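Shown next, in structure tokens, is the structure this report addresses.
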């Protein structure tokens, strides 16, 4: 058997997931900068094309926990997001962590992570049950 020297590519499902992450990050960046009011007439309030925040603009930080098996393409998606106008001024802190470990940590701590991408829906259900038990309320979970 001969092995190909080309790197492995994303599956169609992986590509869809990357696009969903980029869309979510863009939406978050848009909402952040859309609410901003320029402090003077000369400021547009829009991020610069180089990805830096607008003059006098706000920046945001997002903590994104994800299954470590997704690390390669999550890093790619975040890099691509940073190149967009919506990504200017948004810092994404990546936390590769096992899905079950992340679910348990999220339920116990209840803060610190803004976005989570588990390896499977089963782990999402574990978080929902643990959250309900520990906090007496339903977890805010959204999936697309």
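Residue numbers (the working numbering): 358 to 501.
A virtual CB, placed ideally from N, CA and C, is assigned to each residue, including glycine.
It should be emphasised that the depicted structure is a prediction, and the values quoted were computed from it without experimental measurement.
Practice problem: Return the first residue and the last residue of the alpha helix (DSSP H) that residue 448 is part of. | Solution: Run containing residue 448: none in the alpha helix (DSSP H); it sits in the beta strand (DSSP E), 447-453.
Quiz prompt | 8 Å Cβ cutoff met for residue 469 and residue 420 | solution = yes
Practice problem: For residue 478, collect the residues of the same chain with a Cβ closer than 6 Å to its Cβ; drop the 5 residues on either side in sequence, then sort them by chain order. | Solution: none
Quiz prompt | residue 490 to residue 384 span [Cα, whole Å] | solution = 31 Å
Quiz item: Is residue 460 near residue 487, with beta carbons less than 8 Å apart?
Solution: yes
Quiz item: In terms of alpha-carbon separation, which member of 376, 382, 369 and 371 lies closest to residue 446?
Solution: 382
Quiz item: Which parts of the stretch 457-483 are runs of the alpha helix (DSSP H), unbroken and 4 residues or longer, counting only runs that do not cross its ends?
Solution: none
Quiz item: Should residue 463 and residue 431 be called a contact, given that it needs their Cβ atoms to be closer than 8 Å?
Solution: no
Exercise. Please check the pair residue 455 and residue 493, which I expect to be a contact at CB under 8 Å, by giving their CB distance rounded to whole angstroms.
Key: Going by Cβ atoms, the distance from residue 455 to residue 493 rounds to 26 Å, so no, they are not a contact pair.
Quiz prompt | Integer-rounded CB distance, given that residue 453 should sit under 8 Å from residue 428 | solution = 5 Å
Exercise. Note the first and the last residue of the continuous beta strand (DSSP E) segment covering residue 496.
Key: Taken as a continuous stretch (DSSP letters only), residue 496 belongs to no beta strand (DSSP E), as it is neither H nor E.
Quiz item: What first and last residue would you give for the beta strand (DSSP E) that runs through residue 442?
Solution: Looking at the DSSP string, residue 442 is not in any beta strand (DSSP E), and its letter there is neither H nor E.
Quiz item: Tell me which same chain residues have a C-beta within less than 8 Å of the C-beta of residue 366, skipping the five on either side of it?
Solution: none
Self-check item: Residue environment, residue 373, which counts as buried when at least 16 other CB atoms sit within 10 Å
Solution: exposed
Self-check item: Start and end residues, beta strand (DSSP E) containing residue 418
Solution: 417-423
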